[in-house]
Structures are given as structure tokens and as C-alpha cells.
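Residue numbers (our numbering): 108 to 463.
The block underneath contains the structure these notes are about, expressed in C-alpha cells.
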Amino acid sequence: MNFQSILLPGIDDKRPLMISGPCSAETEEQVMETAHQLAKQGVKIFRAGVWKPRTKPGGFEGTGVPALQWLQRVKKETGMYVATEVATERHTYEALKHGIDMLWIGARTAANPFAVQEIADALVGVDIPVLIKNPVNPDLELWVGAIERLYNAGIKKLGVIHRGFSTSDKTVYRNIPHWHIPIELKRRYPDLPIICDPSHIGGKREMITTLSQRAMDLNFYGLIIESHCNPDVAWSDKDQQITPDTLGELIENIVIRDTTQTTEDLSDLREQIDELDNELLQLLSKRMRVSREIGQYKLEHGMPILQTGRYSHILKDRAEQAEAMDMSDEFALKVLEAIHTESVRQQFEVMENSKK
Numbered sequence: 108m109n110f111q112s113i114l115l116p117g118i119d120d121k122r123p124l125m126i127s128g129p130c131s132a133e134t135e136e137q138v139m140e141t142a143h144q145l146a147k148q149g150v151k152i153f154r155a156g157v158w159k160p161r162t163k164p165g166g167f168e169g170t171g172v173p174a175l176q177w178l179q180r181v182k183k184e185t186g187m188y189v190a191t192e193v194a195t196e197r198h199t200y201e202a203l204k205h206g207i208d209m210l211w212i213g214a215r216t217a218a219n220p221f222a223v224q225e226i227a228d229a230l231v232g233v234d235i236p237v238l239i240k241n242p243v244n245p246d247l248e249l250w251v252g253a254i255e256r257l258y259n260a261g262i263k264k265l266g267v268i269h270r271g272f273s274t275s276d277k278t279v280y281r282n283i284p285h286w287h288i289p290i291e292l293k294r295r296y297p298d299l300p301i302i303c304d305p306s307h308i309g310g311k312r313e314m315i316t317t318l319s320q321r322a323m324d325l326n327f328y329g330l331i332i333e334s335h336c337n338p339d340v341a342w343s344d345k346d347q348q349i350t351p352d353t354l355g356e357l358i359e360n361i362v363i364r365d366t367t368q369t370t371e372d373l374s375d376l377r378e379q380i381d382e383l384d385n386e387l388l389q390l391l392s393k394r395m396r397v398s399r400e401i402g403q404y405k406l407e408h409g410m411p412i413l414q415t416g417r418y419s420h421i422l423k424d425r426a427e428q429a430e431a432m433d434m435s436d437e438f439a440l441k442v443l444e445a446i447h448t449e450s451v452r453q454q455f456e457v458m459e460n461s462k463k
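Printed below as a string of C-alpha cells:
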């Protein structure tokens with residue numbers, strides 16, 4: 108796919124591209140006050156949710172079409188571009204009719220191919236930047252599918268928003284980042300701009316600066332951060348919004364590492380990585396050979412494949428070893444679980460082959 112720049116006229120091509128504004132357009136006064144404060148901080152693209160799909164009915168679900176007129180006023184008085192989320196064909200037509208400069212598709216909508224196709228069909232023949240948030244669940248192919256639907260409709264000014272993934276587990280994040288997923292997306296599509304949404308990943312305003320820096324260190328192109336003139340009284344997601352002044356401090360203090368080096372500067376280290384990877388694969392191959400021998404022993408002695416006591420001991424022992432070696436126990440557990448899964452598969456294969 109050949110993507111075009113999502114930059115709007117007058118915006119410099121430098122990192123981070125900053126998009127900011129309140130989670131929801133609540134009142135005209137709140138929108139204008141926030142917009143004027145953000146303009147003073149140098150923000151060029153103002154975001155606000157006009158339609159707000161909530162998990163349950165009864166909460167504030169956005170003002171709808173009247174709020175689009177407030178965004179028109181933001182453009183007129185501040186000179187900022189304006190962006191909003193669309194989730195249906197009607198949303199899309201209304202946003203275009205009111206001169207919205209940039210659209211984004213939310214996580215719930217991105218998870219629904221029918222909804223994405225409906226929006227794509229509504230955008231045929233329109234030249235406008237569109238950003239696509241990752242689906243709610245960690246499904247890279249579903250994310251890619253949404254990108255392809257928009258691209259096939261003729262939208263070439265495409266970017267994505269990494270807002271993290273929902274989980275039922277208790278974590279420090281509102282949505283787990285799973286950084287490897289946007290990294291893989293970038294590997295597949297090097298020219299696709301990735302914008303990080305630290306507000307939704309963290310869910311707490313105290314985490315926004317750290318997550319923003321991490322995104323920049325991963326070479327993300329921009330940030331979309333929720334900012335409200337008085338976040339403590341926001342009508343939606345108040346805990347993850349910051350004031351425009353706080354955003355200004357973040358912009359001033361964030362470190363952008365744009366220095367490039369030739370590949371020769373890393374060649375020795377990369378050779379070491381290649382050698383170590385080869386050694387790892389050889390060790391894993393030897394481990395799987397032993398697993399097959401164990402599978403043969405269990406077959407001959409009528410033993411079940413899964414030995415839960417042994418497996419629990421391995422996980423606990425190896426996780427402690429990993430921590431002692433300056434690796435996280437979470438990383439060690441993921442690696443060990445993957446190895447165990449393959450070991451079980453190898454033993455199943457031994458038993459299946461014995462029946463032939």
C-alpha cells in the first residue's frame with residue numbers, strides 16, 4: 108500500500124505530531140475555553156468526541172451534531188484544525204458537511220468489519236486524513252483489515268492510533284499496550300504513521316508523560332492526548348485528561364531521539380544477536396528432543412502427558428532465576444509457557460505416531 112501524508116497544510120513534519128482536546132465536547136463554553144488554552148500551547152489539531160459510545164446506556168453519550176458547530180467555531184477563532192470520531196455512515200456525512208478536517212475510527216468500531224466498511228463507503232471520493240484505532244482485542248489482522256477497507260475505498264491519507272487493548276486482568280494500565288503489535292504493524296507498513304494514545308492506555312493522568320516518552324522512544328509519529336480546561340469535572344473519562352498547561356509541560360520536556368546512525372555502527376552487536384539467536388534455537392531443538400524422549404517414556408509406562416505439579420515447579424523456579432538475571436518474571440513466564448506448549452505438542456505427536 109502506498110500511503111500519503113496525513114499532515115494538513117501549515118503543520119510541520121516533525122515528531123511528535125500533537126493532537127489534543129477533551130474526551131467529549133460537553134458544552135460550547137468548555138470546548139472554546141479548552142481550545143484557546145491549547146492554541147496557546149502550540150497545538151495545531153484539536154480533537155473532541157461528538158458522539159460518545161459508552162459501554163452501558165445512561166452515561167453522557169455526546170451532544171451530537173450541535174457540537175460540530177462548536178468545532179467550526181474552534182477553527183474560526185483559533186485557526187486550529189479539528190478532528191472527531193465517527194462510528195456510522197451518518198456520523199461521517201455530518202462530520203464532512205460541517206468541515207471536520209480529520210476523522211478517526213474508534214476501537215469498538217474498528218473491531219466491526221461491517222461498520223468499518225460502511226464508513227469506508229461513505230468516504231469514497233473524499234480526500235481527508237483518517238486515523239484508525241486498534242480494535243478492542245489484540246487482533247492485528249482485524250486492525251490490518253480496517254486499514255485495507257479504508258485504503259480500498261480510495262483513502263490514502265491513513266494513520267493508526269495505538270490505544271492499548273482491553274483485558275479482564277488487573278494491571279496498572281486501563282488498556283494493556285502490547286507494544287509488539289504496533290511494532291509488527293510498522294514492520295509490515297513502514298510508511299504508515301502510528302500515533303499513540305497514552306490517555307486510553309494509562310487511564311490515569313499521572314501515566315501520560317511516561318507513556319508518551321515510551322511511544323517516542325519506539326519512533327511513533329505522534330500523540331493524541333486528552334486535555335480539558337477543568338478535567339476534574341469532565342463528563343467522561345476525567346481521570347485520564349490533563350490541563351492544557353500540563354500538556355505544554357509535556358511537549359516542552361519530551362525527548363525526541365531522531366539521530367540516525369549507519370548500520371555499520373551496529374554491525375558487531377547485530378552479529379552477536381544473530382549468533383545468540385542461533386544458539387537459542389539449537390538449545391530449544393535439543394530441549395524438544397528430550398521432550399520427545401519423555402513422551403516416549405510416558406507412552407511406554409502408561410503415563411499422562413500433562414504433569415501439573417512438575418510444570419508449576421518449573422514456572423516458579425525459572426521465574427525466580429530470570430529475576431536474578433535481570434529479566435522480568437512476566438517475560439520468563441511467557442517464554443516458558445510457549446516452550447511448554449510446544450513440548451506438549453511434541454509429546455502428543457509421539458503418541459499419535461505410535462498409533463500408526
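Cβ coordinates follow ideal geometry from the N, Cα and C atoms, glycine included.
Top-ranked residue by Cα proximity to residue i, from the options
i: residue 403; options: 389, 345, 213, 459; result: 459
i: residue 346; options: 137, 109, 308; result: 308
i: residue 259; options: 421, 301, 108, 187; result: 108
i: residue 420; options: 401, 143, 440, 408; result: 440
i: residue 342; options: 152, 144, 165; result: 165
i: residue 353; options: 337, 365, 363; result: 337
i: residue 303; options: 318, 363, 292; result: 318
i: residue 117; options: 422, 186, 275; result: 186
i: residue 233; options: 220, 200, 246, 245; result: 200
i: residue 418; options: 444, 321, 393; result: 444
i: residue 274; options: 356, 297, 244, 294; result: 244
i: residue 181; options: 160, 146, 172; result: 146
i: residue 278; options: 160, 310, 297; result: 310
i: residue 173; options: 135, 183, 415; result: 135
i: residue 447; options: 427, 391, 428; result: 391
Buried versus exposed call for residue i [16 or more other C-beta atoms within 10 Å across all chains shown]
i: residue 462; result: exposed
i: residue 264; result: buried
i: residue 282; result: buried
i: residue 170; result: buried
i: residue 218; result: buried
i: residue 266; result: buried
i: residue 306; result: buried
i: residue 408; result: exposed
i: residue 316; result: buried
i: residue 289; result: buried
i: residue 433; result: exposed
i: residue 464; result: Here the chain has residues from 108 to 463 only, and residue 464 is not among them.
i: residue 138; result: buried
i: residue 379; result: exposed
i: residue 262; result: buried
i: residue 363; result: exposed
i: residue 248; result: exposed
i: residue 375; result: exposed
i: residue 344; result: buried
i: residue 178; result: buried
i: residue 225; result: buried
i: residue 295; result: exposed
i: residue 216; result: buried
i: residue 270; result: buried
i: residue 133; result: buried
Proximity of residue i and residue j at Cβ, strictly below 8 Å
i: residue 88; j: residue 239; result: Here the chain comprises residues numbered 108 to 463, so residue 88 is not present and cannot be evaluated.
i: residue 334; j: residue 128; result: yes
i: residue 125; j: residue 325; result: no
i: residue 242; j: residue 214; result: yes
i: residue 112; j: residue 167; result: no
i: residue 312; j: residue 349; result: yes
i: residue 410; j: residue 450; result: no
i: residue 162; j: residue 351; result: no
i: residue 457; j: residue 399; result: yes
i: residue 272; j: residue 285; result: yes
i: residue 188; j: residue 152; result: yes
i: residue 361; j: residue 323; result: yes
i: residue 430; j: residue 436; result: yes
i: residue 205; j: residue 175; result: yes
i: residue 301; j: residue 327; result: yes
i: residue 223; j: residue 256; result: yes
i: residue 208; j: residue 299; result: no
i: residue 210; j: residue 250; result: no
i: residue 405; j: residue 453; result: no
Test: residue i CB closer than 8 Å to a CB of chain C
i: residue 432; result: The chain inventory of the structure shown lacks chain C, comprising one protein chain alone.
_My parser needs the alpha helix (DSSP H) runs of 4 or more residues fully inside the segment 198-226; what are they?_
Counting whole runs of 4 or more residues, the segment 198-226 contains the alpha helix (DSSP H) stretches 214-217.
*asked:* For the segment 114-121 against the segment 155-175, do three or more pairs of beta-carbon atoms, one drawn from each stretch, fall closer than 8 Å, so that the two count as touching?
replied: The segment 114-121 is not in contact with the segment 155-175.
*Count the C-beta pairs between the segment 182-196 and the segment 223-233 that are closer than 8 Å, then say yes if the count reaches three, no if not.*
As far as the Cβ criterion goes, the segment 182-196 touches the segment 223-233, which means the pair count is three or higher.
*For the segment 340-396, list the alpha helix (DSSP H) runs that are entirely contained and at least 4 residues long, ordered along the chain.*
With a minimum length of 4 residues, the continuous alpha helix (DSSP H) runs that stay inside the segment 340-396 are 351-360.
*At what residue ranges does the segment 304-341 contain a whole run of the alpha helix (DSSP H), taking only runs of 4 or more?*
If one requires a minimum length of 4 residues, the alpha helix (DSSP H) runs lying completely within the segment 304-341 are 305-309, 315-324, in chain order.
*Kindly provide the ranges of any alpha helix (DSSP H) runs that are 4 or more residues long and lie completely inside the segment 154-185, ordered along the chain.*
As summarised for the segment 154-185, the continuous alpha helix (DSSP H) elements at least 4 residues long and confined to that stretch are 172-185, given in chain order.
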